[in-house]
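Per this note's numbering, the very first residue in the sequence shown carries number 117; after that it's consecutive. Contents: one structure, followed by commentary.
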Amino acid sequence: MTRDLPEEPEHQEPVAATSLWPAPFLGSRPVQASLTVPGSKSLTNRWLLLAAVADAPSRLRAPLRSRDTELMAQALRELGARVEDVPGHGDFGDDWLITPIPFEHLRTQAAAEDAAGTATERRIECGLAGTVMRFVPALAALVPGRTEFHGDAAAERRPMGPVIEALRGLGVEVQELGEPGRLPFAVIGRGALPGGQLSIDASESSQFVSALLLVAARFEHGLQLRHVGADGAGVPSLPHVEMTLQTLREAGVRVEGSEPAAWSVSPGTVQAVDLSIEQDLSNAGPFLAAAVVSGGTVSIPRWPLRTTQGGAHWQQILPAFGAQVSLEPEADGQHGTFTVSASKPPHGVDLDLSQAGELAPTVAAICAVADSPSVLRGIAHLRGHETDRLAALVTEIRRIGGRAEETADGLRIEPGQLHPAVMRSYEDHRMATAAAVIGLVLDGVQVEDIATTAKTLPQFPQLWNQMVTGSVLDTGAVPVQPGSSPVPQRSDSHGAR
């Protein structure tokens, strides 16, 4: 089964000329670079939330400072936590010191408000952050008062029904303020939840599972959660659930996940932590892909030797294109230098990305410049991400002259006569970085709204330029002006390598 698409998706408005970023072009020059990237968004936002329900203040060192994580920090402040900047030693900004939510004080305050006939009301802005719109409502259910959740226009298209129904199944009142199963909605916090047994359909997103597990230690009876997917559908991106379980264990919470679709969290204390956040291995992907498409070499030091991040799959994915990879341990025994090298154009691939769907846009970008057809499977759930990523990828690959079509659960991509074009980002950070990968070897590509990368990697234009030109840039807490980095001189002939 395939689905042909119109040349222009209906929801996409014309591109404003002022929002275009000329993608740096390598020509026939292979990239040679070594760089680090900021901390993991997935880990930063999980640890921020756990720190907000811990038994004492926590410190997160080298966290990701991006739109998604700043939205999470502000959401936790709205619920009563203190999230403060403290000087750090990382390359990408300050650390965070988190003082947990004072639950007992808030319950006492709520009782006084009830007696006076008043009530606390809050508004949380989720932007496009799935971890905020899905993780925080379950926490808001534990904080007395009414909390409204709003987001960007594109966020109102993302599925939220399983979270809403799960909260109702736990006895929480949820008021839907727009389209059912979507933002905006309001959670009426009770101050305590009994927990117990609960079923959920998480076939659209593993975040539905993590949302409940992260706060379940504060339920009176913990939580026994089971995924029951329609037509037997499984949970996509299960490594993200394992990441949630691992962070809970590191915070002293007793969890079990012996079955692939059932998890148990015991009630108890969440311990405060002082820890460093791993680099974001998914955000490392476009830089690694640069080596594959250009026939060059990219190294990333301080790559965790053991990790639950989905980006660990790069070690298996990139060799499928014909690249060579190595992970050389460093002296601390916890990290290594991950190196990707290529000497020939990438070959087409046939990959199941069901456990690493967030990598699909970067993988598709490599496929678009490969020398043979590719098939990507197991990623039907990407239709519910920041945009319908399958539709968007097909449209953008066609826009530059490639051949692509959707399948029931993925994409089919074939080589074509590529030509330059304006590639659209759809307010989706991974669509923007995928276009930048293609622009390395296709002269004349312009990327719409590169600033959308601020969602998870505000320094992307700087780091990309650093990789392409070999320049040494200050990667500290410096505001990034999209398009301000110098771009290598282009040739007069527009063509792919």
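Cβ coordinates follow ideal geometry from the N, Cα and C atoms, glycine included.
* Within the same chain, show all residues whose beta-carbon is closer than 8 Å to that of Thr360, passing over the 5 residues directly before and after it, in chain order. => Counting only Cβ-Cβ distances below 8 Å, and skipping sequence neighbours, we find Arg162, Val325, Ser326, Leu329 and Leu330.
* Could you tell me which residues DSSP pairs with Met539 in its beta bridges? => Bridge partners of Met539: Val563.
* Cβ contact (3+ pairs, closer than 8 Å) linking the region 443–459 and the region 476–491 -> With the cut-off at 8 Å, the region 443–459 and the region 476–491 do not touch.
* Please list the segments of the beta strand (DSSP E) lying wholly inside the region 177–207, counting only runs of 3 or more residues, in order along the chain. => Fully enclosed beta strand (DSSP E) runs of 3 or longer: 198–202.
* **Sequence-distant residues of its chain with Cβ nearer than 7 Å to Ala132 (five each side left out)** => Its pLDDT being 46, under 50, Ala132 is placed unreliably by the model, and the measurement read from it follows with that caveat. Within the same chain, Ala132 has no close Cβ partners at all.
* Asked: Around the Cβ of Arg284, are there at least 16 other Cβ atoms within 10 angstroms (buried) or fewer (exposed)?
  -> By the neighbour-count definition (other C-beta atoms within 10 Å, threshold 16), Arg284 is an exposed residue.
* **Spatial distance of Pro577 from Ile566 (CA atoms)** => The alpha-carbon atoms of Pro577 and Ile566 are separated by roughly 8 Å.
* Asked: When the Cα atoms are used, what is the spatial distance from Ala405 to His545?
  -> The C-alpha of His545 is placed about 16 Å away from the C-alpha of Ala405.
* Check whether the region 551–561 touches the region 522–542, taking contact to mean three or more Cβ pairs, one atom from each stretch, closer than 8 Å. => The region 551–561 is in contact with the region 522–542.
* Among Thr263, Lys157 and Glu281, which has the Cα closest to the Cα of Gly246? -> Among Thr263, Lys157 and Glu281, the Cα nearest to that of Gly246 belongs to Lys157.
* To do: Determine, using beta carbons only, whether Leu176 and Ile217 come nearer to each other than 8 Å.
  => Result no, Cβ atoms of Leu176 and Ile217 do not sit closer than 8 Å.
* To do: Evaluate the contact criterion for the region 135–145 versus the region 170–188: three or more CB pairs, one atom per stretch, below 8 Å.
  => No, the region 135–145 is not in contact with the region 170–188.
* **Neighbour-count burial assignment, Gln440, 16 or more Cβ in a 10 Å radius** => Burial call: exposed.
* Asked: Start and end of the beta strand (DSSP E) containing Glu292?
  -> Run containing Glu292: Glu289 to Glu292, per the beta strand (DSSP E) assignment.
* Touch test, the region 511–521 against the region 386–403, Cβ-Cβ under 8 Å, three pairs minimum -> Too few Cβ pairs lie closer than 8 Å, so no.
* Do you know how far the Cα of Glu564 is from the Cα of Ser135? -> Spanning the two alpha carbons is a distance of roughly 6 Å.
* Asked: Considering only residues of the region 354–419, which uninterrupted alpha helix (DSSP H) runs meet the minimum length of 4 residues and lie entirely inside it, listed in chain order?
  -> As for any alpha helix (DSSP H) of minimum length 4 sitting wholly inside the region 354–419, the runs are 354–366 and 401–410, ordered along the chain.
* Asked: With a cut-off of 8 Å, do at least 3 Cβ pairs link the region 424–442 to the region 353–368?
  -> Short answer: they touch.
* For Ser322, is the classification buried or exposed, using 16 other Cβ atoms within 10 angstroms of its Cβ as the cut-off for buried? -> In this structure Ser322 is buried. Its beta-carbon is surrounded by 16 or more other beta-carbon atoms within 10 angstroms.
* To do: Please report how far the alpha carbon of Ala520 lies from the alpha carbon of Phe335, in whole angstroms.
  => Whole-angstrom Cα-Cα distance: 47 Å.
* What are the start and end residues of each continuous alpha helix (DSSP H) run of 4 or more residues lying completely inside the region 261–339, in chain order? -> The region 261–339 contains these whole alpha helix (DSSP H) runs: 277–285 and 323–329.
* Proximity below 8 Å, CB of Thr572 to CB of Ser182 -> In this structure, Ser182 lies closer than 8 Å to Thr572 by Cβ.
* Helix or strand or just coil, what does DSSP make of Ser156? -> When DSSP states are grouped into helix, strand and coil, Ser156 belongs to the coil group.
* Asked: Can you tell me whether DSSP reads Val344 as helix, strand or coil?
  -> DSSP places Val344 in coil when its eight states are reduced to three.
* To do: Pick out whichever of Ala377, Ala486 and Pro140 has its Cα sitting closest to the Cα of Lys460.
  => The shortest Cα separation from Lys460 among Ala377, Ala486 and Pro140 belongs to Ala486.
* Asked: Roughly how many angstroms lie between the CA atoms of Ala191 and Pro300, to the nearest whole one?
  -> Computed Cα separation, rounded: 15 Å.
* DSSP-derived helix/strand/coil call for Gly233 -> Gly233 falls in the coil class under three-state DSSP.
* Identify which residue in Ala178, Asp317 and Pro278 has its Cα closest to the Cα of Gly209. => If we check each option's Cα against that of Gly209, Ala178 comes out closest.
* To do: Pull up the DSSP beta-bridge partners for Thr453, would you.
  => Note: Thr453 is bridge-paired with Glu444 in the DSSP secondary-structure output.
* Would you call the CB atoms of Ala472 and Ala496 closer than 8 Å? -> No, the pair does not count as a contact, with Cβ atoms beyond the cut-off.
* Asked: Across which residues does DSSP place His491 in a beta bridge pair?
  -> First, the amino acid is wrong: residue 491 is Val here, not His. Asp466 and Arg528.
* Take the Cβ of His337 as the centre, count every other Cβ of all protein chains shown within 10 Å, and call the residue buried at 16 or more, exposed below. => Flag for His337 reads exposed.
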